[in-house]
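**Student:** One point on numbering: in the working numbering, the residue at position 40 of the sequence shown is 126, and numbering is uninterrupted. Ideal Cβ positions, reconstructed from N, Cα and C, are used throughout, including at glycine.
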Amino acid sequence: MCGIFGYVNYYVQRSRSEIVDTVLNGLARLEYRGYDSAGLAIDGDKPDEVLLFKEVGKVAALRKLYASSKINNDRLFDSHVAIAHTRWATHGRPSPINAHPHRSDPNNEFVIVHNGIITNYLALKALLTSKGFVFESDTDTECIAKLCKYVYDLNKDSARPLDFTALAKLVLRELQGSYGLLIKSVHYPDEIIATRKGSPLLIGIKTEQKLKVDFVDVEFPELPDITVANNIPTITTPESAGLSNLTVPHLMTSNLLMPMDGSDLRRSQSRAFISEEGTPMNAEFFLASDPASIIEHTKKVLYLEDDDIAHIYDGELHIHRVRREAGEPAIRSIQTLEMELNEIMKGSFDHFMQKEIFEQPESIINTMRGRIDFEKKTVTLGGLSSYLGTIRRCRRIIMIACGTSYHSCMATRAIFEELTEIPTTVELASDFLDRRSPVFRDDTCIFVSQSGETADSMLALQYCAERGALTVGIVNSVGSSISRQTNCGVHINAGPEIGVASTKAYTSQYVALVMMALLLSDDSISKYERRTSIIDGLSKISSQVEEVLKLNDTIRGIAETDLAQQKSLLLLGRGYQHATALEGALKIKEISYMHSEGVLAGELKHGVLALVDATMPIIFLATHDSLFPKVMSAVEQVIARSGNPIILCNKGESALSKLGKTYRTLEIPQTVDCLQGLLNVIPLQLMSYWLAVKKGYDVDFPRNLAKAVTVE
Ligand code: F6R
Numbered sequence: 087m088c089g090i091f092g093y094v095n096y097y098v099q100r101s102r103s104e105i106v107d108t109v110l111n112g113l114a115r116l117e118y119r120g121y122d123s124a125g126l127a128i129d130g131d132k133p134d135e136v137l138l139f140k141e142v143g144k145v146a147a148l149r150k151l152y153a154s155s156k157i158n159n160d161r162l163f164d165s166h167v168a169i170a171h172t173r174w175a176t177h178g179r180p181s182p183i184n185a186h187p188h189r190s191d192p193n194n195e196f197v198i199v200h201n202g203i204i205t206n207y208l209a210l211k212a213l214l215t216s217k218g219f220v221f222e223s224d225t226d227t228e229c230i231a232k233l234c235k236y237v238y239d240l241n242k243d244s245a246r247p248l249d250f251t252a253l254a255k256l257v258l259r260e261l262q263g264s265y266g267l268l269i270k271s272v273h274y275p276d277e278i279i280a281t282r283k284g285s286p287l288l289i290g291i292k293t294e295q296k297l298k299v300d301f302v303d304v305e306f307p308e309l310p311d312i313t314v315a316n317n318i319p320t321i322t323t324p325e326s327a328g329l330s331n332l333t334v335p336h337l338m339t340s341n342l343l344m345p346m347d348g349s350d351l352r353r354s355q356s357r358a359f360i361s362e363e364g365t366p367m368n369a370e371f372f373l374a375s376d377p378a379s380i381i382e383h384t385k386k387v388l389y390l391e392d393d394d395i396a397h398i399y400d401g402e403l404h405i406h407r408v409r410r411e412a413g414e415p416a417i418r419s420i421q422t423l424e425m426e427l428n429e430i431m432k433g434s435f436d437h438f439m440q441k442e443i444f445e446q447p448e449s450i451i452n453t454m455r456g457r458i459d460f461e462k463k464t465v466t467l468g469g470l471s472s473y474l475g476t477i478r479r480c481r482r483i484i485m486i487a488c489g490t491s492y493h494s495c496m497a498t499r500a501i502f503e504e505l506t507e508i509p510t511t512v513e514l515a516s517d518f519l520d521r522r523s524p525v526f527r528d529d530t531c532i533f534v535s536q537s538g539e540t541a542d543s544m545l546a547l548q549y550c551a552e553r554g555a556l557t558v559g560i561v562n563s564v565g566s567s568i569s570r571q572t573n574c575g576v577h578i579n580a581g582p583e584i585g586v587a588s589t590k591a592y593t594s595q596y597v598a599l600v601m602m603a604l605l606l607s608d609d610s611i612s613k614y615e616r617r618t619s620i621i622d623g624l625s626k627i628s629s630q631v632e633e634v635l636k637l638n639d640t641i642r643g644i645a646e647t648d649l650a651q652q653k654s655l656l657l658l659g660r661g662y663q664h665a666t667a668l669e670g671a672l673k674i675k676e677i678s679y680m681h682s683e684g685v686l687a688g689e690l691k692h693g694v695l696a697l698v699d700a701t702m703p704i705i706f707l708a709t710h711d712s713l714f715p716k717v718m719s720a721v722e723q724v725i726a727r728s729g730n731p732i733i734l735c736n737k738g739e740s741a742l743s744k745l746g747k748t749y750r751t752l753e754i755p756q757t758v759d760c761l762q763g764l765l766n767v768i769p770l771q772l773m774s775y776w777l778a779v780k781k782g783y784d785v786d787f788p789r790n791l792a793k794a795v796t797v798e
């Protein structure tokens, strides 16, 4: 998905090349999220000059374009604001003109980068066009830049000049949709506005002197805010009549003039940034949609909340809101990132995906660390402790997620039902919303997400919260929207996952969900033995994962010689292994672009068998559990039709000897039935990896996919 990076230096002298390097490196750290074009805006040499560089393709192409510009790279800046962006096309094809930053006018008076979608952009565009603005791109974003200039021009002759925050407030109230947004302007040199609604944005802070306090005060208007003060009814534009979401609330009414509400925002000082002498300190700020891009500069970060308007000027960071809701916190804390730089580097591996597959023995341990007492057979999940009673009493559990995260729900649903005895359903977030499925106050809704930013899951979360259900997050990204907007939850602690194909997050989500089921059932005597065997299984799972990883070379061989030339692949499993089949198939299709289908083995005879012949590659997940005899019967049906399956089975599985010699095996250590999927999925992750490598595909940047899918 789109990525935002901004850099502000205040009395920290930097050359232009250092500034550009900082933003380009920041963008490069966002590359894993998926994008098709990139751009940046920096100050030029003349007064009021802002330069834009935009290019289709990788950040390296943008670097090349910049290098060819013959610009004076040695020019020094005491203070400066640079903004940059990686774009994932939604409105308009990838092209330099559609790439961000977008501008207000040919003089680049306002330039902006934006993640998200402005849903009323057509109405805004029509109105701004009628005011003489000429649009150059096909994007929804461009209207924001033009709106900034329109509002600025309307107010520029007024008695009191509009400050950047006030301008942003007037602009933002016209926007519908979602945004993470940075605004830079020649009218507010060395200042930046950063704001978000439904799209992540955080600010890294670097100062030589220690900050005086580890929080920033939120500044609320002293008098009724401008939105309330004007009290203008929403007006539908002629162009958009009939389309209720295409409205521009104030634009047609010339109520874009700053009211005399007395809120002199410049009066305030931001306590954190004032030195012992009472003056602002030298500071650098890194604004980004993802902490991975700022970790090399600073670990001190502030996560913006929806509707926060951050205004950085004179070395201070101010956070404004247009109104104060009852009980709303009056500060934003400056937190310390736990992430280490080496966690987002490839090290000796060729790809992030490969590194993350091989990290799983450790990432699984990290998920359990401090949470399971293997001797006392207890589980503690601090993030759930205040809500355990509510969850235990709930009428049903609904697990909601997308893609791989959905598969981790599928993989653990049965053990949830078995241990908690609470009816548990698993929902794809998009389908759940499409159906407007009924949700009640006594439901517990669990949202599982690696990124914590997936738009479908976020919308489903809002839907469930509005209906009064308890919302629980099982999330990897600390500080993400889902982790902050759920009532309670568990961080899976898998560490940053950079590869677009999710691997270690899957196994950690799986473990986190099993731990949650164990915790919810720890008051049940009848479940004691079962719980004990699962906890014992978890104590060995990391070393068993290590053992499975030793199959790497064998799997590479199978992928390269047997499967790479094939067009299609079936993966069959039932019970706990149905989820493994689905997840394996998703991994294979998303990075090796080979059609693969995960099939419930019990459904084989209901249609899929028609595909089976001597040439169709088939993988069976036939590890030992209560359904093993049924899976074996499916294997026999395939062999009877001349199929040559690859059978993933437990070590020394004797039942296979009766099958003759038309199959191959991949032997996996045995664990408790409900944990077996943690081991079985690993050969499939490796298989997808080696298939993609063999075919020469870009493993970490699969086509048409993004790491965080922040659009519906
Ligand atoms: C597949 C994959 C996607 C994500 C899905 C949900 O490898 O990564 O299917 O699992 O987009 O993303 P999160 O977990 O971030 O909500």
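Serine 330: buried (16+ other C-beta within 10 angstroms of its C-beta) or exposed?
**Tutor:** Low local confidence applies: a pLDDT of 32 at serine 330 is under 50, so the model's placement there is unreliable, with the coordinate-based value given in what follows. Exposed: under 16 other Cβ atoms inside 10 Å.
**Student:** Put histidine 664 into one of helix, strand or coil per three-state DSSP.
**Tutor:** Three-state result, histidine 664: helix.
**Student:** Consider the C-beta atom of alanine 114 and the heavy atoms of ligand 1; say whether any pair is separated by less than 7 Å.
**Tutor:** Every heavy atom of ligand 1 is 7 Å or more from the Cβ of alanine 114, so no.
**Student:** Identify whether proline 769 lies in helix, strand or coil by the three-state DSSP scheme.
**Tutor:** Of the three classes helix, strand and coil, the one that applies to proline 769 here is helix, per DSSP.
**Student:** Given this structure, state the Cα-to-Cα distance separating valine 237 from arginine 189, to the nearest angstrom.
**Tutor:** Rounded to the nearest angstrom, the two C-alpha atoms are 14 Å apart.
**Student:** Who are the near neighbours of threonine 511 in its chain, counting only those whose CB is closer than 6 Å to its CB and skipping five residues on each side?
**Tutor:** Hits under 6 Å: Ile484.
**Student:** Note down the Cα distance separating arginine 119 from glutamate 442, rounded to an integer number of angstroms.
**Tutor:** Answer to the nearest angstrom: the Cα atoms are 15 Å apart.
**Student:** Since threonine 799 is in the beta strand (DSSP E), which residue starts that stretch and which ends it?
**Tutor:** Nothing can be reported for residue 799: it is not among the residues displayed for the chain, which extend from 87 to 798.
**Student:** In whole angstroms, give me the CA-to-CA distance for alanine 580 and glutamine 446.
**Tutor:** Going from the Cα of alanine 580 to the Cα of glutamine 446 covers about 8 Å.
**Student:** Starting from leucine 655, trace the beta strand (DSSP E) both ways and give me its first and last residue.
**Tutor:** That run of the beta strand (DSSP E) goes 654-659.
**Student:** Find the nearest neighbour of valine 304 within the set Ala416, Lys463 and Gly661, judged by alpha-carbon distance.
**Tutor:** With distances taken between Cα atoms, valine 304 lies closest to Ala416.
**Student:** Under 7 Å: does the beta carbon of alanine 487 sit that close to some heavy atom of ligand 1?
**Tutor:** Yes - ligand 1 has a heavy atom lying nearer than 7 Å to the Cβ of alanine 487.
**Student:** By a C-beta neighbour count over all protein chains shown, 10 Å radius and 16 as the cutoff for buried, is arginine 173 buried or exposed?
**Tutor:** Arginine 173 is buried by the Cβ-count criterion.
**Student:** Looking at aspartate 122: is its Cβ nearer than 8 Å to the Cβ of valine 142?
**Tutor:** Their beta carbons are under 8 Å apart, which means aspartate 122 touches valine 142 by this criterion.
**Student:** For the stretch 539-592, which segments carrying the alpha helix (DSSP H) assignment without a break, of at least 4 residues, lie completely within its bounds, in sequence order?
**Tutor:** List check, alpha helix (DSSP H) in window: 541-552 and 567-571.
**Student:** Straight-line CA distance for isoleucine 230 to phenylalanine 371?
**Tutor:** Rounded to whole angstroms, isoleucine 230 to phenylalanine 371 spans 23 Å at the Cα level.
**Student:** My understanding is that tyrosine 662 touches alanine 487, with C-beta atoms under 8 Å, so please give their C-beta distance in whole angstroms.
**Tutor:** No, tyrosine 662 and alanine 487 are not in contact; Cβ-Cβ is about 17 Å, not under 8 Å.
**Student:** Out of curiosity, what's the CA-to-CA distance linking glutamine 99 and proline 275?
**Tutor:** Using only the alpha carbons, I get a separation of about 16 Å.
**Student:** Around the Cβ of glycine 489, are there at least 16 other Cβ atoms within 10 angstroms (buried) or fewer (exposed)?
**Tutor:** Per the 10 Å Cβ criterion, buried.
**Student:** For threonine 320 and glutamate 222, what's the separation of their Cα atoms in angstroms?
**Tutor:** Any reading at threonine 320 needs caution, since the residue's pLDDT is 38, under 50, leaving its predicted position unreliable; the model's value is listed next. Rounded to the nearest angstrom, the two C-alpha atoms are 28 Å apart.
**Student:** Taking the C-alpha atoms as reference points, what is the distance between glycine 284 and valine 564?
**Tutor:** If I take the Cα positions, the gap works out to 16 Å.
**Student:** Using alpha carbons as the reference points, say which of Asn428, Phe301 and Ser375 lies closest to threonine 90.
**Tutor:** The displayed chain sequence assigns isoleucine, not threonine, to residue 90. Ranking Asn428, Phe301 and Ser375 by Cα distance to isoleucine 90 puts Ser375 first.
**Student:** Given that a residue counts as buried once 16 or more other Cβ atoms are within 10 Å of its Cβ, and exposed if not, what is leucine 162?
**Tutor:** Exposed is the call here.
**Student:** Just verifying my parser: in three-state terms, what is the DSSP assignment at proline 180?
**Tutor:** Reduced to three states, the DSSP call for proline 180 is coil.
**Student:** Is the closest heavy atom of ligand 1 to the C-beta of glutamine 536 under 7 Å?
**Tutor:** The answer is yes for glutamine 536.
**Student:** Pairing CB atoms from the stretch 254-263 with CB atoms from the stretch 353-369, are three or more of them under 8 Å?
**Tutor:** Judged by Cβ distances under 8 Å, the stretch 254-263 makes no contact with the stretch 353-369, as fewer than three pairs qualify.
**Student:** Can you give me the C-alpha to C-alpha distance between arginine 617 and phenylalanine 502, rounded to a whole angstrom?
**Tutor:** When rounded, the distance between both Cα atoms is 11 Å.
**Student:** Quick check: is any heavy atom of ligand 1 less than 7 Å from the C-beta of serine 361?
**Tutor:** Outside the cutoff, so no.
**Student:** Do the stretch 185-199 and the stretch 235-251 touch if we need at least three Cβ pairs shorter than 8 Å?
**Tutor:** The stretch 185-199 is in contact with the stretch 235-251.
**Student:** Under the assumption that threonine 506 contacts serine 361 (Cβ atoms under 8 Å), give the Cβ distance between them as a whole number of angstroms.
**Tutor:** Their Cβ separation, rounded to whole angstroms, is 55 Å, which puts threonine 506 and serine 361 out of contact at 8 Å.
**Student:** Inspect the beta-carbon positions of glycine 670 and valine 767 and report whether they are closer than 8 Å.
**Tutor:** Contact flag set, yes.
**Student:** Near leucine 599, what residues of its chain come up, given a Cβ to Cβ distance below 6 Å and the 5 sequence neighbours on each side ignored?
**Tutor:** If we look at leucine 599 and ignore the five residues flanking it on each side, its Cβ neighbours are Thr498.
**Student:** Does DSSP classify glycine 456 as helix, strand or coil?
**Tutor:** Three-state result, glycine 456: coil.
**Student:** Here's the rule: buried if 16 or more other CB atoms are within 10 angstroms of the residue's CB, otherwise exposed. What is lysine 590?
**Tutor:** That one is buried.
**Student:** CA-CA distance, methionine 718 and methionine 431?
**Tutor:** Roughly 43 Å between the two C-alpha positions.
**Student:** Are the stretch 565-579 and the stretch 527-544 touching by the rule of at least three beta carbon pairs closer than 8 Å?
**Tutor:** Segments in contact, yes.
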